Structure formats: structure tokens, C-alpha cells
Amino acid sequence: MHKQKILFLCISLILFLSVSSENTQAQRFGAGSAIIGWADDNNYLTMDSDAEGNRLVMSVNVRTGKKKAYDSYSDLRQEFRDQLPEGFSLGFGVTISEGQKTIVLTKENDLWSFTLGDTEAIQLTWDEAEEVNPAMSPAGNMVAYTKNKDLYIYDLDNKSEKRLTFDAAGKIYNGYASWVYFEEILGRGSRYAAFWWSPDGQKIAYLRTDENPVPVFTITRIDEPDGLHGTQELVPYPKPGDPNPKVKMGVVNVNTAETVWIKTDYSVDQYIAWPFWKPDSKKLMVQVLNRDQNHMKFILADISSGVFSTIYTEKRATWVDFFEDIYIMNNGSGFILRSFMSDWYNLYYYNWDGKLVSRITNADWRVTGINRVDEEAGKVYFSGTGPESTDSHIFRVGLDGKGLLQFSKEPGSHSANISPGGKYIIDTWSNIDTPPTMVAYDSKGKPVRTIEEGEKQEFDPAKNSRSELVKIPSTDGFMLPALISYPVNFDENSKYPVVFTIYGGPDAGGVRNSYRGYRQSWYASNGIITISVDHRASGKFGKKGLDYMHRNLGKWEMVDYGEAVKWLRQKSFVDPSRMGITGSSYGGYTTAMALTYGADLWTHGIAGSSVTDWRLYDNVYTERYMDTPADNPEGYKNGSVLTYADRLKGKLYIVHGTADDNVHIQNSIYLISKLQDEGKEFEMMFYPGGRHGWGGAKRDHSGNAANKKWLEWFFGEED
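Written out as C-alpha cells, the structure reads:
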């Protein structure tokens with residue numbers, strides 16, 4: 152459950168239940184407002200249309216708002232989309248950089264190139280093997296990819312393919328990630344790619360993976376068209392305590408196809424990933440994390456010899472995450488790290504000797520990311536929550552940590568668009584009561600012009616639902632952020648059912664102060680209150696809050712969500728006999744725990760693609776928080792839904808895809824078996840061939856079935 156894909160997992164069941172998703176703030180503005188780029192430091196670019204409906208790019212002066220047509224802008228992605236020959240599409244993962252005129256595409260397992268201005272695509276490869284994860288070199292003259300899980304390049308100038316690695320076979324891969332690395336370390340955005348171009352385009356760092364030690368999990372496919380005699384998928388899948396893939400990092404020269412191996416100890420059970428190149432391409436920084444995931448090392452390797460030195464370490468009693476968003480200074484002076492070392496995410500500037508140059512931020516709230524580093528001016532633009540955890544604000548500070556300036560003024564969710572030279576910052580923001588608004592600031596933080604104010608809808612209780620941000624007290628002084636959405640025609644003198652829409656899990660908070668408008672979800676239209684709550688380990692309370700989950704998955708979510716139920720029960724308009732909860736993946740686990748461990752509080756639940764026992768999930772995710780079953784037997788027992796199956800007394804509806812390769816259907820089968828042994832009644836729906844989420848008619852069916860289930864449970868209706 153790598154954090155890059157938490158959103159996907161969180162919404163997979165909730166979408167079945169027709170909860171509306173938020174549009175981006177930019178999408179809420181009409182033509183002439185959304186910024187698509189900058190003409191210079193004084194003028195931003197936006198789209199407009201003439202009287203005939205033709206699209207125009209306009210240059211708009213930040214201070215005056217004066218517009219003029221701009222002819223120099225090139226939307227390369229749109230140009231490629233418009234010019235691609237029939238049968239081709241940009242698809243997922245095609246990166247188009249500024250000035251890039253040629254792209255590489257895949258079609259029918261082969262690579263093709265297309266250059267703007269041409270009428271035909273050129274086929275590059277002709278073999279039956281599939282070329283996977285094509286990635287252009289920085290200069291755009293070569294493309295790297297894996298084929299049969301070995302690493303290759305194609306030289307676009309010489310029109311020739313070169314193989315760079317030669318020993319992939321069976322469960323040995325070069326430049327191609329194992330399932331558990333893809334899922335939990337590199338993230339789904341990697342698409343199994345495990346290689347990284349050097350800045351000079353002459354070398355590629357890659358992971359060599361040996362999955363032979365990893366136990367194989369069998370997924371049996373008996374759905375059409377495989378169902379007559381059944382087929383099996385055999386997937387190396389390490390569960391807690393199992394052997395891991397053996398990995399090492401190599402650097403291959405694209406001219407000679409010779410690899411230099413980084414001299415880490417291959418006999419040590421550890422994780423190796425997320426390399427970052429020095430700008431001169433002579434050294435590679437690699438992250439090495441121990442099996443217990445509580446001791447991180449950054450090693451800096453000479454790529455000509457593979458010899459390295461350790462330049463940074465971080466230890467915690469609980470766990471340390473991989474660092475995915477390190478900023479490498481282009482001037483070669485070092486790197487900026489976003490770390491939890493102070494118990495809150497802050498920014499730190501290190502040189503390549505591993506010495507701290509400066510602590511850039513010193514906040515007791517969460518720095519969420521770097522927007523831009525102006526190396527010449529020595530300034531960092533970054534986003535952070537500020538003291539209110541549900542907010543997001545825009546800041547600038549010197550690389551030396553001095554001169555902190557907050558641009559955004561109002562409470563809410565703010566995003567920055569910064570002019571090329573930093574003369575202006577355009578802030579697009581909203582909050583629960585304010586529609587998206589766009590304001591320009593000068594470099595000193597003074598407001599220059601309100602570019603656009605979103606129009607607030609008129610509230611009609613007969614047509615609209617409304618949402619409210621609240622804080623719910625839990626134990627130990629935690630004030631839990633929560634978002635409540637009320638039904639259409641809400642009447643405080645009536646009694647309403649409540650549904651918690653939940654993910655849960657470590658560092659997965661989703662409650663934020665942004666405009667939702669008076670839209671109608673399926674729940675609101677059907678007389679149901681919904682609530683989302685961020686528990687103490689959601690990330691809203693820093694690392695101290697997160698650390699509660701160490702060796703205790705399930706415990707503190709139930710404590711905090713349980714306090715939310717008790718808080719709701721005090722409301723005159725809440726019906727405690729209709730207290731529902733739903734979620735998928737970790738949210739399915741939370742739902743199943745609520746109906747068993749929390750059976751005295753929740754009465755109804757729909758649990759999708761649920762983990763039901765942490766022994767059954769993958770080892771990287773689970774051991775990060777729980778250690779191994781041998782090290783933490785009580786934690787695994789106390790965090791298992793199976794332990795509390797005898798407590799079930801509400802209505803539980805279990806949903807799972809039969810071919811789920813992430814949270815195996817084994818989880819639901821174990822729970823079903825336990826519930827049967829305990830003589831408990833429940834309902835279930837399996838979706839043949841469904842992975843960790845599914846589409847098409849089955850998606851429609853699952854959404855409709857869930858909606859009907861809520862109506863049946865809460866109102867006694869079948870339709």
C-alpha cells in the first residue's frame with residue numbers, strides 16, 4: 152500500500168457508492184483564468200476563445216489584467232495529440248518535455264517513434280517480445296526500456312537497438328521491478344520500471360532483482376474465458392517474515408554495455424532503491440534501508456568503481472520511509488531533504504560530504520513539498536499546512552533558513568504558480584466556504600490583483616447538501632479533523648443514518664479545508680449523513696501521531712473512530728441504530744474491524760478488498776509498521792479481524808475481486824470461514840476476474856448493489 156497509490160485504494164469502493172470526486176481548483180474556473188504557462192516574468196498565459204469558438208492563447212499582465220494574443224506558445228502534448236496518425240495515442244507514461252519534437256510510443260508490443268510535422272510513425276522494433284516502460288534519455292536521442300526483463304536502449308539517431316544486460320531469466324530481472332518493489336517501494340507510477348538515466352545520458356542506473364528466494368502465491372483463475380479447466384497465476388509475493396527479493400544496484404554504460412556494481416553487501420537482507428544522480432553524472436546516491444525499516448543510509452558511489460561512502464543516516468525506533476522527493480541542486484552543491492527527523496516534515500540542505508549546510512525550515516507543522524528552488528537567488532518556495540493541519544499554504548524561505556514569508560493569507564487549500572523569475576506568485580485557493588479564487592502576489596507577499604473570484608452558489612436546502620469541517624476530541628488530547636456532509640432537506644429534528652467513508656492507515660489523511668460546493672452525492676440525495684475522519688496516525692499530528700501505529704495496526708484507528716461515533720451519538724439528529732462504515736483495501740480492513748472489534752458502535756458495513764489478517768499481506772508494507780509475526784505475535788493477533796469475528800452482530804457485506812493480486816481474496820476467504828465457524832450471518836459479493844478494483848459492467852453492478860444495500864438496511868427498501 153505504497154503511499155503514492157493510497158488515493159486509488161481509498162476510493163475504489165467509495166466510487167462504487169457514487170460519492171462525487173473533487174475537481175481541481177483550476178478546472179472550476181472558466182476560459183481565460185486557468186494558467187497554462189508564462190510568457191515572461193510579468194505576463195502569464197491562459198486559454199481563451201474567439202467569437203467562432205477557436206482556441207486562443209492569451210498573454211495577461213499580472214498587474215493590470217490586460218490581455219493580448221500570444222503566438223509563441225506551443226502546447227506540445229496537444230500538438231502530438233492532434234497530429235498522431237490513426238491507431239496511436241499518447242497513453243499513460245509518455246513524457247513530453249519542453250522542446251521535445253519526437254516521442255516514442257508502444258503499439259502491439261513494439262516501439263514506434265513519431266516526430267511533429269510528420270504524417271507517419273516509424274516502427275523501431277519488430278520482435279514478438281514486448282518492450283516495456285520506454286523512457287527517453289535527457290537529450291531525447293535514445294530510449295531505454297526492458298524486454299524479457301533485460302535492459303535495452305534504442306538509438307534514434309542511428310536507428311539501432313542495443314542490449315545492455317544479458318542474464319534475465321525466470322525470476323531474475325534487470326531494470327524491471329519485483330511485484331513488492333513496484334507496489335511498496337517504487338510505487339505504481341513506476342509501472343515496474345527500475346532504471347534511471349544519468350543527466351549526461353551516457354549511463355543508466357538499474358536494479359538487478361533475484362526473486363528466486365520469494366515464496367510464490369497462486370491466484371486461480373476460473374472466470375471466463377479461462378474457466379473451463381482453470382488457469383493459475385504464480386506470483387512471487389513475500390508475506391511477513393518471508394524471504395525478500397535479492398537486489399543490487401548497477402550502473403551500465405550505454406556505449407560499452409558494461410556494468411559497474413555498487414559494492415553493497417549482497418548477503419545482507421535490505422532494501423535498495425530511489426537513487427539520485429549528481430549533476431555531473433560521476434556519482435550516484437542510493438538509499439539503503441535495513442529489513443527492519445528503521446535505519447536508512449544514503450550511500451554515495453563512484454560509478455567507475457562502485458566504491459561508496461555513507462553520507463547520511465536516519466534512525467528511528469519505529470520506521471523510516473524512503474525519500475522520494477529529494478531535490479538535487481543543479482549547481483552541484485548538494486541536495487535538499489524533506490525529513491521527519493524533528494517529528495514534523497521539514498527541509499534540510501546537505502552537501503555531498505553529508506554535512507548539514509542549513510536547516511531550511513523549523514516548523515512544528517508539516518512541510519508538504521518543494522514548489523521551486525531558485526538557486527541563483529538562494530530561495531526555496533514550498534508548500535506546507537501551517538498550524539492548521541487541514542490547510543495548505545504557500546511559503547518562501549532562504550536556503551539559509553532565514554526570511555520565511557507566507558504568501559497565502561486565508562485559511563484553506565492554496566496552490567502556487569510562480570513566474571519564471573519569482574517576481575509574482577499566483578495563488579489559487581479555496582476553503583470550505585469560499586469557491587476557488589485566484590490572487591496574484593508580488594515577491595514581497597503584497598497582494599497585486601484578484602484575478603478571479605469563484606461565484607458562491609446559493610444554498611437551497613431542498614436541492615443541495617452542505618458540508619462542514621469539525622474537530623472531534625479523542626483520547627490523549629487529539630482533536631481529529633472531520634468532514635461531515637448533510638443530506639438534502641436536512642432537518643435537525645429528524646433522525647438520520649450515518650456512513651463513515653474511510654481509508655485509515657498510516658499517513659493517509661484526506662480531510663482538507665477546500666470548497667465542495669452544494670453538490671449532491673448519492674448519500675445526500677438519499678437521506679444519509681456521511682463523515683470522513685482523520686485519526687491520530689493520519690499524518691495530521693506529525694511523526695509522534697504516526698508512531699502510535701508501530702506494532703499496533705488497527706488499534707488506534709478503532710479508538711479514534713470510536714470516539715467519533717460517540718461524538719455523533721450526542722447529536723439529536725443522528726440515529727445510533729444506523730451507524731454505517733465503508734471503505735476499500737485498508738478501508739475494507741477498517742470497516743471489517745469496525746463491525747467486529749467495534750461491534751457495539753457500528754451497525755452496518757460494506758468492506759471491499761479487505762486485509763483481514765496482516766499475516767496475509769506483503770512483507771514490505773506490513774513489517775514497516777508491525778515487524779514480523781515472530782517478533783510481534785500479540786500485535787498481529789490484536790490487529791486481525793479474525794480475532795474478533797465472534798463479536799459480529801451488525802450487518803456486514805463483503806466485496807472482493809477473485810483475481811486481486813494485491814490484497815488476495817484469501818483475506819476475505821479466511822474471514823468468511825471464521826464467521827461461518829462462529830455461526831455469524833453476513834453477505835458477500837465476489838467479482839470474477841476483478842483485481843484490486845475493477846471496471847465495466849461489474850463496476851456498475853458493485854456500485855448499484857452497494858447503493859441498494861444501504862437503502863435496504865437503512866430504510867427497508869429494495870430499490
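Heads up: the sequence shown begins at 152 in the numbering used here, then just goes up one per residue.
Glycine is no exception: its CB is placed at the ideal position from the N, C-alpha and C atoms.
Given the structure is predicted, the values throughout are model-derived calculations rather than measurements.
Check                                                                                                                                                                     : Outcome
Going straight from the alpha carbon of Asp-769 to that of Arg-850, what length do you get?                                                                               : 26 Å
Counting contacts by CB-CB distance shorter than 9 Å, is Leu-746 in contact with chain D?                                                                                 : Protein chains in the displayed structure number just one, and chain D is not present.
Output the distance between the C-alpha atoms of Ser-248 and Tyr-388, rounded to the nearest integer angstrom.                                                            : 36 Å
Once the 5 residues before and after Phe-833 are set aside, which same chain residues still bring their CB inside 6 Å of it?                                              : Leu-803 and Leu-826
For Gln-178, collect the residues of the same chain with a Cβ closer than 6 Å to its Cβ; drop the 5 residues on either side in sequence, then sort them by chain order.   : In this prediction, Gln-178 has a pLDDT of 39, which is less than 50 and means its spatial position is unreliable; nothing more can be read from the coordinates.
Rounding to the nearest angstrom, what Cα-Cα distance links Ser-509 and Met-480 in this structure?                                                                        : 14 Å
Quick one: residues in its chain with C-beta nearer than 6 Å to the C-beta of Tyr-654, no 5 flanking neighbours on either side, listed in chain order?                    : Cys-161, Gly-734, Tyr-737 and Gly-738
If you draw a straight line from the C-alpha of Trp-412 to the C-alpha of Asp-306, how long is it?                                                                        : 24 Å
Evaluate Tyr-838 with the Cβ neighbour count: other Cβ atoms within 10 Å of its Cβ, from every protein chain shown; 16 or more gives buried, anything less gives exposed. : buried
Does the beta-carbon of Arg-720 have 16 or more other beta-carbons within 10 angstroms, so that it is buried, or is it exposed?                                           : exposed
Return the CA-CA distance between Thr-588 and Asp-192, expressed in angstroms with no decimal places.                                                                     : 21 Å
Taking the beta carbon of Asp-611 as the centre, do at least 16 other beta carbons fall within 10 Å, making it buried, or is it exposed?                                  : exposed
Please go through the stretch 318 to 391 and give each complete beta strand (DSSP E) segment of 3 or more residues, from N-terminal end onward.                           : 323 to 325, 346 to 348, 354 to 361, 367 to 372 and 382 to 387
DSSP three-state label for Leu-697, please.                                                                                                                               : helix
Closest to Thr-316 by C-alpha separation, out of Ile-423, Lys-310, Thr-297 and Asp-726, would be which residue?                                                           : Thr-297
Between the beta-carbon of Pro-638 and the beta-carbon of Ile-602, is there less than 9 Å?                                                                                : no
Grab me the residues of Val-403's own chain with a C-beta within less than 6 Å of its C-beta, minus the 5 sequence neighbours each way, in chain order.                   : Leu-315, Ile-355 and Thr-410
Report the three-state DSSP secondary structure of His-815 (helix, strand or coil).                                                                                       : coil
State the beta-bridge partners of Leu-256 as determined by DSSP.                                                                                                          : Trp-263
Where do the N-terminal and C-terminal ends of the alpha helix (DSSP H) with Val-621 fall, by residue?                                                                    : That residue, Val-621, is in no alpha helix (DSSP H); its beta strand (DSSP E) goes 618 to 624.
Can Gln-422 and Ile-336 be called in contact, C-beta distance under 9 Å?                                                                                                  : Reading the sequence as shown, one finds Tyr at residue 422 and not Gln. Contact flag set, yes.
Pairs of beta-carbons, one from the stretch 704 to 713 and one from the stretch 619 to 631, closer than 8 Å: are there three or more?                                     : yes
So, using beta-carbon positions, are Ser-761 and Tyr-740 closer together than 9 Å?                                                                                        : yes
Run through DSSP, which three-state label would Leu-275 get?                                                                                                              : coil
What residues are listed by DSSP as bridge partners for Ser-957?                                                                                                          : Nothing about residue 957 can be reported from this structure: the residues present for the chain run from 152 to 870 only.
Suppose the cutoff is 6 Å on Cβ atoms and the five residues either side in sequence are ignored; what does the same chain contact list for Ser-566 look like?             : Thr-579
Quick check on Arg-850: does DSSP put it in helix, strand or coil?                                                                                                        : helix
Rounded to whole angstroms, what's the CA-CA distance from Ser-672 to Arg-232? Just pull it up for me.                                                                    : 34 Å
Apart from the five residues on each side of it in sequence, which residues of its chain come closer than 6 Å, Cβ to Cβ, to Val-771?                                      : Val-331 and Glu-335
Suppose you measure from the CA of Asp-494 to the CA of Val-548; what does that come to, to the nearest Å?                                                                : 20 Å
Does the stretch 240 to 260 touch the stretch 282 to 300, meaning 3 or more C-beta pairs lie closer than 8 Å?                                                             : yes
From this set, Ser-616, Val-621 and Arg-667, which residue's C-alpha is nearest Glu-606's C-alpha?                                                                        : Arg-667
Does the Cβ of Arg-214 have 16 or more other Cβ atoms within 10 Å, making it buried, or fewer, making it exposed?                                                         : exposed
For Ile-521, collect the residues of the same chain with a Cβ closer than 6 Å to its Cβ; drop the 5 residues on either side in sequence, then sort them by chain order.   : Tyr-478 and Phe-533
Please identify the residue among Phe-558, Gly-552, Lys-553 and Asp-551 whose C-alpha is closest to the C-alpha of His-544.                                               : Phe-558
Does the stretch 348 to 368 come within contact of the stretch 383 to 397, defined as at least 3 CB pairs closer than 8 Å?                                                : yes
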